[in-house]
Structures are given as C-alpha cells and as structure tokens.
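As structure tokens, the structure follows; a few thoughts come after it.
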Amino acid sequence: DIQADRQADGTYQIHLWKAKVAPAVTGQEALAACGSESQQKGPFVVVFSEDRMGRGNDELGWVLIRAFIHTLCQQELKPDAMIFYNTGARLTVKDSEVLDDLKMLAGDGVEMLVCGTCTNYFDISKDVAVGTISNMYDIASLMSRAGRLVSP
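According to the numbering used here, the sequence shown is numbered sequentially starting from 3.
Right, dumping it as structure tokens:
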C-alpha cells in the first residue's frame with residue numbers, strides 16, 4: 003500500500019507498506035486471477051529506469067532500448083503513460099536518438115513523466131524535449147495505480 007500526506011510546508015510524506023505474502027498459485031490460477039486485458043483496472047505504464055535495456059553489454063542495451071521504444075510506436079495498444087527516471091531521463095532530451103519516437107507516442111496521447119530530481123542531478127532539465135518534468139509524488143502515484151507496469 004501507499005499513502006501520501008501533504009505537509010504544512012507544501013512537501014509530501016510518502017508511506018509505503020509491504021503487502022502480505024500471497025499463497026503460492028499455479029500458472030493457470032495466476033492467469034485467471036489477472037483476467038483479460040479488458041478486465042485490468044488502471045493504466046498501462048512503461049517505466050524507464052535506465053537509458054539501456056537489460057544487463058551486460060551497454061552497446062547492445064542501447065540498441066535494444068531504441069528498438070523497444072520504436073516497437074511501442076508500431077503497436078496498436080500504446081501505453082497510457084511512460085515514466086523516465088535515473089538514467090532513463092536522458093532518453094527525453096533534445097539530442098536523444100529516440101526523441102522522434104517519444105514525440106510520436108506523446109502525439110498519440112501517451113502521458114510522459116520525467117523525474118525532476120533526476121534531470122537536476124544530470125543537469126539536463128533545460129534539455130528535456132518531451133514529457134513533463136515531474137516529482138516523485140506524481141510518479142509513485144501513477145505507478146501505484148497502474149493496471150500493468152512494464153519495465154524493459
């Protein structure tokens with residue numbers, strides 16, 4: 003569970019509780035519990051915590067993340083939202099090789115939140131060319147409401 007309390011000074015205090023451990027289920031039971039795509043509640047959210055995809059070779063990881071984002075553009079079912087934090091925030095800057103694809107997704111109505119703490123840390127706030135520079139409160143809120151949360 004997650005709870006956010008607005009403090010008198012305008013900041014937020016976020017409380018997280020670990021969920022109780024669910025009993026073991028079979029694969030079929032898990033599929034039945036998840037239901038079909040149309041039964042899922044909450045937005046489809048893709049989270050980019052890195053500017054690479056996978057672990058191991060960084061050059062290959064960069065090729066994979068570009069292909070993943072381009073493939074999202076080609077799919078009929080687009081994400082409702084995308085979140086960019088840590089080095090993933092670098093994907094949204096004006097000289098990013100995936101900028102055209104991200105702009106296409108934004109034009110298709112995909113909401114994009116870029117971590118403001120991250121853009122400040124990397125000194126790229128003025129270079130963000132797609133999405134909204136946001137805060138951890140909005141990012142945590144969107145993630146907690148997601149019906150599907152994908153992290154490539």
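Just so it is clear, CB atoms sit at the ideal spot from N, CA and C, and this is done for glycine as well.
With distances taken from CA atoms, which of the options is nearest residue i?
i, options, result
"I141", "T119, P154, K128 and V130", "T119"
"G44", "D82, T73 and M55", "D82"
"C111", "E99, L74 and S127", "The residue you asked about is not Cys; residue 111 is Gly in the sequence shown. Nearest C-alpha to G111: L74."
"M145", "T121, G12 and E113", "E113"
"L101", "Q77, D125, F124 and A69", "A69"
Under the three-state reduction of DSSP, which class applies to residue i: helix, strand or coil?
i, result
"A32", "Confidence in A32 is poor, its pLDDT being 46 and thus under 50, which makes the residue's placement too unreliable to answer from."
"S136", "strand"
"Q9", "coil"
"I141", "helix"
"Q77", "coil"
"I16", "strand"
Within 10 angstroms of its Cβ, does residue i collect 16 or more other Cβ (buried), or is it exposed?
i, result
"A148", "buried"
"V132", "buried"
"T94", "buried"
"R54", "buried"
"L79", "exposed"
"V65", "exposed"
"L104", "buried"
What residue does the alpha helix (DSSP H) around residue i start on, and which one ends it?
i, result
"A83", "Segment A83 to F86 is the beta strand (DSSP E) holding A83; no alpha helix (DSSP H) there."
"K105", "L101 to G109"
In the DSSP assignment, find the beta strand (DSSP E) that holds residue i and state where it starts and stops.
i, result
"D150", "Here residue 150 turns out to be Arg, not Asp, going by the sequence shown. Its beta strand (DSSP E) spans residues R150 to V152."
"E113", "E113 to C117"
"F50", "F46 to F50"
For the region 44-60 against the region 79-92, do three or more pairs of beta-carbon atoms, one drawn from each stretch, fall closer than 8 Å, so that the two count as touching? yes
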